[in-house]
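For reference, the structure discussed in these notes is given below.
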Amino acid sequence: MKVDAPTFRERVHAIARAIPRGRVITYGQIALLAGRPRGGREVGWIAHAGGAGIPWQRVVNRSGGVARGFSGGREGHSRALRRDGIRVGPEGRVDLKRYLWWPDARIRKRLRLS
DNA sequence: CGTATGACGAGCC
DNA sequence: AGGCTCGCCATAC
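Quick note on numbering: numbering that gives the first Met the number 0 labels position 102 of the first sequence as 101, and the sequence is numbered without any gaps.
Have a look at this one:
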């Protein structure tokens, strides 16, 4: 059966849903995977628009920083990450060396990503 | 339709 | 390392 090509927003949602508990990904990475190398800002407002059942707290910026516009502000974002078992520093930063996630080949294939 | 805005990123200092 | 500037690009107004 023929299916329409997924929109950028749908790809972003699919990727965000695939992030495992205890790991994080960056806006830029999602944009790249979804086929828009400089679309970090877009991913940001897609995240801000929300989406039921999507663990947006696992999406952080390039510096590992939490989002100002998260529900509950930076504090809210930090709390949500800690509930995921992720350590968040006093400046609202996570250690990317430790928590950054990259989808493996199998997942990329399943989601039809680059 | 021109301007402003922003859950971003890379580069420079 | 951390702060600034500039580029990016869909939306909002």
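Ideal Cβ placement from N, Cα and C applies to all residues, glycine included.
I want to know whether the segment 60-70 touches the segment 19-38 - three or more CB-CB distances under 8 Å. These segments touch.
Ordered along the chain, which non-local residues of its own chain (more than five positions away) have a Cβ less than 8 Å from that of Arg8? Beyond the five residues adjoining it in sequence on each side, Arg8 comes within less than 8 Å, by CB distance, of Ile45 in the same chain, given in chain order.
Quick one: what's Leu99 bridged to in DSSP? Paired residues: Val23.
Alpha carbon to alpha carbon, what distance is there between Arg109 and Val2? Between the alpha carbons of Val2 and Arg109 lies a distance of about 15 Å.
Look at Arg57 and Trp100 and say whether their C-beta atoms are less than 9 Å apart. In this structure, the beta-carbon distance from Arg57 to Trp100 falls below 9 Å.
Within a Cβ cutoff of 8 Å, which residues of the same chain sit near Gly88, ignoring the five residues on either side of it in sequence? Counting only Cβ-Cβ distances below 8 Å, and skipping sequence neighbours, we find Asp94.
Pick helix, strand or coil for Val42, following the three-state DSSP scheme. If DSSP states are grouped into helix, strand and coil, Val42 belongs with the helices.
What is the DSSP secondary structure of Val11, reduced to helix, strand or coil? Under the three-state reduction of DSSP output, Val11 falls in the helix class.
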